[in-house]
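Asks: Residue numbers (my numbering), protein chains in the order written: chain B, 1 to 409; chain L, 1001 to 1283; chain S, 2001 to 2326. Structure in structure tokens, see below.
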Amino acid sequence: MKKKVLFVSLLIILIVTLIFIIGVNSIAEGQKEVKIGAAVAISGFLAREGSLVKEGYDFWSEYVNSKGGIKVGDEYYKINMIYYDDESDSIKGNKLVEKLITEDKADVIFGSYGSGIVFATSAITEKYHKLMLAPLSTSNSLYERGYKYIFNPAKLSSYNGKWWVEYFASLKPKPKTMGVIVLNDLFPLSTVEGLKKPATENGIEIVNIEMFSKGTKDFTSMLLKIKQNNPDIIFLSCYFQDELLALQQMRELDINSKLVFMSITPSLSEVYTILGADSDGIIGEEVYNPNMPYKDPIFGSNKEFLELWHKKSGGVNPEYTNIYGILVGEVYQAAVEKAGSIDTEKVRQALLDMDQEFITGRVRFMESGAPYWNPPYPLIMWKNGKVEYLSPPEGATAEPIYPKRPWSK
Amino acid sequence: MLQVIINAVLLGSVYGVMSEGFSLMWGVMHILNLAAGTLIVVGAYLSYIFMMLLPNVNPYFTIPLVFFISFSIGVVIQKFLYNKMVKGGLRRVLLLTFGLNLVITDILLFVFKANYLQMNVNYTILQFKGLYIPSHRIIIFVISWVLFLLTFLLFTKTKTGLIIRATAFNTEAAEICGVKTARTYIITTGIAIALGGVAGSMAGTIFSFSPAEGAVFLAKCFVICVIGGLGNVTGTMIGGLIYALAEGVGGWIFGTQWQSCIGFLLLYIVLLLKPEGILTKKN
Amino acid sequence: MILERRNTIEKKRIIIFLTLIVAGFLLIPLFERGYILRFLTFMFTSAIISQGLNIIGGYSGYIPFGHMGFFGAGAYIVAMSMVNHVSFPIALLFNIVITIIIALIFGYPLLRLRGAYFAMGTIAFNGILKEVTVNFTKWTGGGYGISLPQIPWNIESVNTFFYYIMLGWLAVCTIVVYLLAKNPVGYALRAIKDDENAAATSGINTSKYKMIAWITSAVFISVSVGIYAYWMTFIDTSIYDITPLIKSWVMLLVGGAGTVMGPLLGAFLIESLSELLWGNIIIFHNGFLGIIIIITILFLPGGIIDLFKKQFKWSLIREEIRKNKI
Chain B
1 MKKKVLFVSL LIILIVTLIF IIGVNSIAEG QKEVKIGAAV AISGFLAREG SLVKEGYDFW
61 SEYVNSKGGI KVGDEYYKIN MIYYDDESDS IKGNKLVEKL ITEDKADVIF GSYGSGIVFA
121 TSAITEKYHK LMLAPLSTSN SLYERGYKYI FNPAKLSSYN GKWWVEYFAS LKPKPKTMGV
181 IVLNDLFPLS TVEGLKKPAT ENGIEIVNIE MFSKGTKDFT SMLLKIKQNN PDIIFLSCYF
241 QDELLALQQM RELDINSKLV FMSITPSLSE VYTILGADSD GIIGEEVYNP NMPYKDPIFG
301 SNKEFLELWH KKSGGVNPEY TNIYGILVGE VYQAAVEKAG SIDTEKVRQA LLDMDQEFIT
361 GRVRFMESGA PYWNPPYPLI MWKNGKVEYL SPPEGATAEP IYPKRPWSK
Chain L
1001 MLQVIINAVL LGSVYGVMSE GFSLMWGVMH ILNLAAGTLI VVGAYLSYIF MMLLPNVNPY
1061 FTIPLVFFIS FSIGVVIQKF LYNKMVKGGL RRVLLLTFGL NLVITDILLF VFKANYLQMN
1121 VNYTILQFKG LYIPSHRIII FVISWVLFLL TFLLFTKTKT GLIIRATAFN TEAAEICGVK
1181 TARTYIITTG IAIALGGVAG SMAGTIFSFS PAEGAVFLAK CFVICVIGGL GNVTGTMIGG
1241 LIYALAEGVG GWIFGTQWQS CIGFLLLYIV LLLKPEGILT KKN
Chain S
2001 MILERRNTIE KKRIIIFLTL IVAGFLLIPL FERGYILRFL TFMFTSAIIS QGLNIIGGYS
2061 GYIPFGHMGF FGAGAYIVAM SMVNHVSFPI ALLFNIVITI IIALIFGYPL LRLRGAYFAM
2121 GTIAFNGILK EVTVNFTKWT GGGYGISLPQ IPWNIESVNT FFYYIMLGWL AVCTIVVYLL
2181 AKNPVGYALR AIKDDENAAA TSGINTSKYK MIAWITSAVF ISVSVGIYAY WMTFIDTSIY
2241 DITPLIKSWV MLLVGGAGTV MGPLLGAFLI ESLSELLWGN IIIFHNGFLG IIIIITILFL
2301 PGGIIDLFKK QFKWSLIREE IRKNKI
């Protein structure tokens, strides 16, 4: 018995030692580096979006490193990206961000996809006075807490609400009613919240708000309730798989409206493969318009960026998640270069002073870390199996098909 | 309201077939297969692969292929994994199946990434007195019931079916009569996974799937099997209908945000009042 | 249970050994204030959950797969109280009281079920609690989650604070389990696990003892998750996810169910392994966990604590494995 106890005790000591060794980070000799920590969703229900954000981070960091690194004062620092998988879970995310800051000694944290997780993890970065740059956490509640260290360049849900409703109201004949399908989750809910006031101000009445929980696979009841009121606009505020199901069931139940709007990832090819010609006229939210002639400090211009991206991806277009991953990197880089240092307070000040054009347009932050209201924003529409841009005007490639043709039988 | 009911019935039939596998494995071997949900999604992915490889073939014709491959997967899992632990007690079995589920989900994630895929089939919408019934939902409705019938006949009329039922009823007695339990179990699981896989293919034509969707399907299997009766072939099928109806009609009356809750409440109530299932006779 | 089979000298040795370990844990915060402390605190939380599962699953033989309902109850009760300016100790008190009530309400019907039906019933229980939490957004924050107030001290003090609290609660729970095991209650539970009908026939009030086990496990768990919620300062409905519960089950089985120290051992090993894996393998880490679970179940069905047992022999393990096969 003694031998066994000894054996197991040795095993335990071995494991503990291993943890100590791995837990303590080794410092790289040689070139200076900036450690960027990122806990992203590689698994779980946001896995797709999380992986794409990571792709964006990698594209940016690899490109910059190939050019020597980030210019900090007179030296060039290599970018060292440290990734963990938060499994689309805010509680795990918290744990990992804390680890990144205290154990891996990250200089800055790049956020995860999704407001829910960032809401939680930004509390950690705020606690430790470390900057968090989040790619797409657009719920207003994140920026109403008086936090100093969170920054997000993507337009807020309330901006979305205002911008979309104003766009709807600009169509002729003006739509009067709207039916909403929304998932009970932070981002879709705050999107819908952001619609309410602008809708009233623009004379559009929201006649239905049908809410559902994750895992629902039958939208019949919801859609029939909406059909009863026959609204001019049907607004989908849920993630892609539910949007696709809702659209299909709308077609199956012959529920037509003058306008169908997808608020999340409308440009995925499945929309056309599943709906075919019926996809014509579906309008959706986009955060990036590749046709815009923006200048960019790191890639030169939007056009040059796209060439680089196409070379690397083999012709595949970047998705909005890629774009914002890259944008976060670019914005951080620009701020560091302006500040001449990676010190949190100096970089923060540079971010607050920033007013510059990047691949998505003008980037300017408010004190809360949220971006300024800056319409017109991109909008897409499906036409003949292709994604066309309706907005901004300089980058528009098509006119809206309004009212939308009824579903084919 | 009638539309809600019809859609629920059409969908519920697929749910029923989907849960048959889970029900079988429990009834015959007392294995709660937590990997069932993911294996259903595997069926959908298999169909998708076939759709990519054979673009001119109607997806429905690939169903027998999916059946065969899923059957083989079931056989392998039972022979090399589950059979090693089947007498070890509920705790161990549950964890074993859970471990397997983790592995399969991660493999799917690795191979197919996290994208949501769906198979597109052409369909027409039949209209009847203000009700809309798309043809593809009818087709899978029919296929579901055909599968059910075949399974029912398998278990009531064929030798294999009788052997399986005998083993389920009394393993020792069956062994005395010369039945090899291990082999019977292997065949049972093969059938179970095959049914799940085909259900997955069918489901994949009406909504999109991804590696993580397995959990959603598993949750539904649980509820449906309890309602219908674990191990009860007919019961499970009816259970699928009841579940879909409860969700649909409940959602219609109370509001759709309660849809999932109603499913759980139903499960709870059934467990309290008649745990062996609404249609099973107490033995 | 291990302790009963030793003679007095061995017992003394074990007590000294344990005291050293406990002292060691008590002293760690003097040397380490950061990551290691947090890692250990998290490990303690998992250990407490495993201990809770141990009482109802390991000792009584009832396998709840929906115990996350109590995670949620613990987290949300504490969170909702503290958001309404209730102090932390009082919030925990509320938590205990309300958890007992919930456990009683759901326990009565659930404990009448056996085996897999019980497991599924608990899943329904969890599902209902989760949906209720998600839908009563005004109270619970629904999809938005709840942010708990932050303690205004510096990071290191906060870490130390939670380390000791969690360690303290773990000690309490373990002692309770130890006492229960030696007490008539423990005897009754083991009788129930072996053969409930026989136990009932021999005059044991099975319902009463099952309820005691159920409530005790519920309180262990909800308090520890309540503390955890305060530590994390944010909770949302993801607390109802089944994965942490499964991990705790694995810890219980790997460590050794039905023993006092099993859960602790298991928690330590699995958490350490998890940390090593997570940090270094970003893809497929779930798959690896799955493989480890499968290997453990297949080759060490009694848990690692078997290695400590006096009658340990590899042949016994082989026998156990053979018994499980077909």
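Note that CB positions come from ideal geometry on N, CA and C, so glycine has one too. Just so you know, these numbers come straight off a predicted model, no measurement behind them.
On the DSSP bridge assignment, give the partners of V2225 (chain S) in chain order.
Replies: Answer is none; V2225 (chain S) lacks a bridge partner.
Asks: When you compare the CB of V1103 (chain L) with every CB in chain C, is at least one pair closer than 8 angstroms?
Replies: No chain C is present in this structure, whose protein chains are B, L and S.
Asks: With DSSP as the reference, please indicate the residues paired to N208 (chain B) in a beta bridge.
Replies: B:G179, per the DSSP bridge assignment.
Asks: Just checking my contact of P371 (chain B) with P153 (chain B) at CB under 8 angstroms: how many whole Å lie between their CB atoms?
Replies: Confirmed, Cβ separation roughly 5 angstroms.
Asks: Give the single residue among L:G1089, L:Y1015 and L:Q1257 whose Cα lies nearest to the Cα of L189 (chain B).
Replies: Cα-wise, what sits closest to L189 (chain B) is L:Q1257.
Asks: Report the rounded CA-to-CA distance for T360 (chain B) versus N289 (chain B), giving the unit in angstroms.
Replies: Each residue's alpha carbon lies about 7 angstroms from the other.
Asks: Could you spell out where the alpha helix (DSSP H) holding Q1078 (chain L) opens and where it closes?
Replies: From DSSP, the alpha helix (DSSP H) with Q1078 (chain L) extends over I1063 to F1080.
Asks: If F235 (chain B) and I264 (chain B) are in contact, beta carbons under 8 angstroms, what's the gap, nearest whole angstrom?
Replies: Contact doesn't hold; Cβ gap of about 11 angstroms is too wide.
Asks: Just checking my contact of S139 (chain B) with F187 (chain B) at CB under 8 angstroms: how many whole Å lie between their CB atoms?
Replies: With a Cβ gap of about 6 angstroms, S139 (chain B) and F187 (chain B) count as contacting.
Asks: Any beta carbon of chain S sitting closer than 8 angstroms to that of K1087 (chain L)?
Replies: Yes, its Cβ sits closer than 8 angstroms to a Cβ of chain S.
Asks: Check whether the Cβ atoms of L308 (chain B) and I283 (chain B) sit closer than 8 angstroms, and answer yes or no.
Replies: No, Cβ-Cβ distance for L308 (chain B) and I283 (chain B) is not below 8 angstroms.
Asks: Could you work out which residue in B:P175, B:I124 and B:G325 is closest to L136 (chain B) when comparing CA atoms only?
Replies: Of B:P175, B:I124 and B:G325, the residue nearest in Cα terms is B:G325.
Asks: Nearer than 7 angstroms: is that true of the beta carbon of K2210 (chain S) relative to any heavy atom of the ligand GDP?
Replies: Of the ligands one can find in the structure shown there are none, so the ligand GDP has no counterpart to examine.
Asks: Please report the straight-line C-alpha distance between I109 (chain B) and S88 (chain B), rounded to a whole angstrom.
Replies: I109 (chain B) and S88 (chain B): Cα-Cα distance of roughly 17 angstroms.
Asks: K375 (chain B) bridges to which residues according to DSSP?
Replies: First, the amino acid is wrong: residue 375 (chain B) is Pro here, not Lys. Answer by DSSP bridge pairing: none, since P375 (chain B) is not bridged.
Asks: Starting from Y2187 (chain S), trace the alpha helix (DSSP H) both ways and give me its first and last residue.
Replies: Run containing Y2187 (chain S): P2184 to D2194, per the alpha helix (DSSP H) assignment.
Asks: Taking Cβ positions, are N2329 (chain S) and I2077 (chain S) nearer each other than 8 angstroms?
Replies: Residue 2329 (chain S) lies beyond the stretch modelled for chain S, which goes from 2001 to 2326, so this question has no answer here.
Asks: What residues in its chain sit with their C-beta under 8 angstroms from that of E75 (chain B), if we drop five residues either side in the sequence?
Replies: Answer for E75 (chain B): K32, listed in chain order.
Asks: Quick one: what's D85 (chain B) bridged to in DSSP?
Replies: Per DSSP, B:V40.
Asks: What do you reckon, are the CB atoms on G215 (chain B) and V1216 (chain L) nearer than 8 angstroms?
Replies: The answer is yes: Cβ separation under 8 angstroms.
Asks: Which bits of chain B does S2238 (chain S) rub up against, with CB to CB less than 7 angstroms?
Replies: Within chain B, the residues near S2238 (chain S) are D89, S90 and I91.
Asks: Checking 8 angstroms against the spacing of the C-beta atoms, do F1067 (chain L) and A1194 (chain L) come in under that value?
Replies: Yes, the pair counts as a contact, with Cβ atoms nearer than the cut-off.
Asks: Suppose you measure from the CA of L195 (chain B) to the CA of D107 (chain B); what does that come to, to the nearest Å?
Replies: Straight-line Cα distance between these residues: approximately 37 angstroms.
Asks: Comparing alpha-carbon positions, which option in S:L2180, S:F2044, S:G2115 and S:T2099 lies nearest E2196 (chain S)?
Replies: Per the Cα distances, S:G2115.
Asks: I want to verify the contact list: residues of chain B whose CB lies under 7 angstroms from the CB of H2285 (chain S), in sequence order.
Replies: Residues of chain B passing the Cβ test: D85.
Asks: Does any residue of chain L have a CB that is nearer than 8 angstroms to the CB of A370 (chain B)?
Replies: Not closer than 8 angstroms to any Cβ of chain L, the Cβ of A370 (chain B) fails to qualify, so no.
Asks: With DSSP as the reference, label I2204 (chain S) as helix, strand or coil.
Replies: Correct three-state label for I2204 (chain S): coil.
Asks: Quick one: measure Cβ to Cβ for L2148 (chain S) and A2073 (chain S), integer angstroms, because I've assumed they're closer than 8 angstroms.
Replies: At roughly 15 angstroms, the Cβ-Cβ gap does not stay under 8 angstroms, so L2148 (chain S) and A2073 (chain S) are not in contact.
Asks: Verify the CB distance criterion: does V2134 (chain S) have a CB-CB separation below 8 angstroms to chain B?
Replies: Taking Cβ atoms only, chain B reaches closer than 8 angstroms to V2134 (chain S), which makes this a yes.
Asks: Which residue or residues does DSSP assign as beta-bridge partners of P1134 (chain L)?
Replies: Partner(s): L:I1125.
Asks: Pick out the complete beta strand (DSSP E) segments inside the stretch 1168-1231 of chain L, 3 residues or longer, and give them in chain order.
Replies: Counting only runs of 3 or more, we get nothing.
Asks: Hey, how far is the Cα of K130 (chain B) from the Cα of D343 (chain B)?
Replies: The alpha-carbon atoms of K130 (chain B) and D343 (chain B) are separated by roughly 9 angstroms.
Asks: Which one or two residues does DSSP pair with S391 (chain B) in a beta bridge?
Replies: B:L379.
Asks: Measuring only between beta-carbons, confirm whether L2245 (chain S) sits less than 8 angstroms from chain L.
Replies: It does not; no Cβ of chain L falls within 8 angstroms.
Asks: What is the rounded straight-line gap between the Cα of Q1127 (chain L) and the Cα of I1133 (chain L)?
Replies: Using only the alpha carbons, I get a separation of about 6 angstroms.
Asks: Count the C-beta pairs between the stretch 2036-2054 of chain S and the stretch 2100-2113 of chain S that are closer than 8 angstroms, then say yes if the count reaches three, no if not.
Replies: The stretch 2036-2054 of chain S, when compared against the stretch 2100-2113 of chain S, does not touch it at the 8 angstroms Cβ threshold.
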